[in-house]
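Its first residue numbered 22, the sequence shown is counted upward by one per residue in the working numbering. What follows is a short report on a single structure.
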Amino acid sequence: MAFERMAEGALDYSPYRFGTSRLMFRGPRRRLEGGYMTVLGGTETYGRFIETPYPALIEAQTGLRIFNFGCLNAGVDVFLNDAEVLAACRRGMATVVQILGAHNMTNRYYAVHPRRNDRFLRASGLMKAIFREVDFTEFNFTRHMLSTLQAASPEKFAILAEELKAAWVARMRLLLARLGGRSVLLWMADHPPAEEGEPLRLDRDPLLVDRAMIQAVATQTSAYVEVVGPAMAEAQGASGLVLSAYDVAAAAGLPGPAAHEEVARQLSPVLRELV
């Protein structure tokens, strides 16, 4: 993996909290006033290791004021539970919603951390009853847990996966309803959404989200933008990332600057139409 530079301090994200929100967003802090648009998303939208993430590129290309509410390791729950951010989105002209994985949400089987949704907290009685052979005290992260469960019993895991998918659709519908205005769904990955009947894979983000799930919620939005193909695939872990030597492993699989440029290129005309 090649990098543009290996900076000791890496990037200064100027993190800040917005109003009463307990989430940390990428700065610099700006006043939320006048006509603006917002972007909700995870680590990719936050732009970890990226000097200029796609929300800032869109702002530069269109002249629209774009506020980046990307949150590291976020799932849908992060935004559903943040009234301050949702209120800010409703006051704006439109909101881009990056499609996030179905694994980082509290559900009938397990609970996740309210702000770091990738952190596994505890298994429910139902989960323990189904996977009696698994010691859940060994897990700190949802992906590690799910990978272990799939290896232990693909049949039982398939039941769990269906629950996670149904929960994702319900949460996304609720999130889009609470945004209360025009929204744009964004698929940002090096592969298209899985089609019906494809194997359940845990090595691709957004985890466990397929095309049928997207179609089930897209009717509540103004547009759906799917950014895939060579530009995204070649940009995964490509040159141009800014990070320290300690961050190389964490950067693996994250989209590089070329990917952010492609997302901005495709989103910009869509957002102009919503002004």
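All C-beta atoms, glycine included, are put in the ideal place defined by N, C-alpha and C. Owing to the predicted nature of the structure, the values given are computational and were not obtained by experimental measurement.
* **As assigned by DSSP and simplified to three states, the class of Tyr267** => Position 246 of the sequence shown, counted from the start, is the residue given in the question as residue 267. Of the three classes helix, strand and coil, the one that applies to Tyr267 here is helix, per DSSP.
* To do: Ignoring anything shorter than 4 residues or poking outside the segment 140 to 187, list the alpha helix (DSSP H) runs there in chain order.
  => The segment 140 to 187 contains these whole alpha helix (DSSP H) runs: 146 to 151, 163 to 173.
* To do: Going by CA-CA distance only, name the one from Ser168, Arg192, Ala179, Thr242 that's closest to Gln218.
  => The residue given as residue 218 occupies position 197 in the sequence shown. The residue you asked about is not Gln; residue 218 is Gly in the sequence shown. Put simply, of Ser168, Arg192, Ala179, Thr242 the residue whose alpha carbon is nearest the alpha carbon of Gly218 is Ala179.
* Determine, using beta carbons only, whether Glu105 and Gly40 come nearer to each other than 7 angstroms. => Sequence index remark: in the sequence shown, residue 105 carries index 84 (1-based). Sequence index remark: in the sequence shown, residue 40 carries index 19 (1-based). Contact flag set, yes.
* **N-terminal and C-terminal residue of the alpha helix (DSSP H) that Glu72 is part of** => Translated into positions along the sequence shown, residue 72 becomes position 51. Where Glu72 is concerned, there is no enclosing alpha helix (DSSP H), given that its DSSP letter is neither H nor E.
* **Limits of the unbroken alpha helix (DSSP H) element including Ile235** => Here the question's residue 235 lines up with position 214 in the sequence shown. Here the alpha helix (DSSP H) through Ile235 covers 232 to 239.
* **Distance between Tyr57 and Gly113 (C-alpha atoms, nearest Å)** => Here residue 113 refers to the residue found at position 92 of the sequence shown. Here residue 57 refers to the residue found at position 36 of the sequence shown. The alpha-carbon atoms of Gly113 and Tyr57 are separated by roughly 5 angstroms.
* **Glu154 versus Lys177: straight-line alpha-carbon distance, rounded** => Numbered from its first residue, the sequence shown carries residue 154 at position 133. Numbered from its first residue, the sequence shown carries residue 177 at position 156. CA-to-CA, the gap between Glu154 and Lys177 works out to about 12 angstroms.
* Return the first residue and the last residue of the alpha helix (DSSP H) that Val291 is part of. => As a working note, residue 291 is residue 270 in the sequence shown. Element bounds for Val291: 278 to 293.
* Measuring CA to CA, which of Gln171, Ala266, Leu121 is closest to Gly91? -> Locating residue 91 in the sequence shown gives position 70, counting from the first residue. Selection Gln171, Ala266, Leu121 evaluated against Gly91 yields Leu121 as nearest (Cα-Cα).
* Contact set for Asn89: own chain, Cβ-Cβ below 6 angstroms, skip 5 residues either direction -> Residue 89 sits at position 68 when you count from the first residue of the sequence shown. Result list for Asn89: Arg47, Val60, Pro76, in chain order.
* Assign Leu85 to one of three DSSP states: helix, strand, or coil. => In the sequence shown, the residue the question calls residue 85 occupies position 64. Of the three classes helix, strand and coil, the one that applies to Leu85 here is coil, per DSSP.
* To do: Go to Glu247, then tell me how far its beta strand (DSSP E) extends in each direction, as first and last residue.
  => In the sequence shown, the residue the question calls residue 247 occupies position 226. For Glu247, the enclosing beta strand (DSSP E) has its first and last residue at 244 to 248.
* Asked: Under 7 angstroms between the Cβ atoms of Asn125 and Gly96?
  -> Here residue 125 refers to the residue found at position 104 of the sequence shown. Here residue 96 refers to the residue found at position 75 of the sequence shown. One thing to note: Asn125 has its Cβ within 7 angstroms of the Cβ of Gly96.
* Short check: CB of Val291 to CB of Val246, under 7 angstroms? -> The residue you call residue 291 lines up with position 270 of the sequence shown. The residue you call residue 246 lines up with position 225 of the sequence shown. Going by C-beta atoms, Val291 is nearer than 7 angstroms to Val246.
* Asked: Of the residues Ala115, Ser42, Leu147, which one's Cα is nearest the Cα of Val7?
  -> Given a span of 22 to 296 for the chain in the structure shown, any question on residue 7 remains unanswerable.
* Would you tell me roughly how many angstroms separate the C-alpha atoms of His281 and Leu78, rounded to the nearest one? => As a first step, residue 281 is located in the sequence shown; it is residue number 260 there, counting from the start. As a first step, residue 78 is located in the sequence shown; it is residue number 57 there, counting from the start. Answer to the nearest angstrom: the Cα atoms are 8 angstroms apart.
* **For Ala272: DSSP bridge partner residues** => Mapped onto the sequence shown, residue 272 falls at position 251. Beta bridge pairing from DSSP links Ala272 with no other residue.
* Asked: Between the segment 228 to 240 and the segment 202 to 214, do at least 3 Cβ pairs fall closer than 8 angstroms?
  -> The answer is yes - the segment 202 to 214 touches the segment 228 to 240, with three or more Cβ pairs under 8 angstroms.
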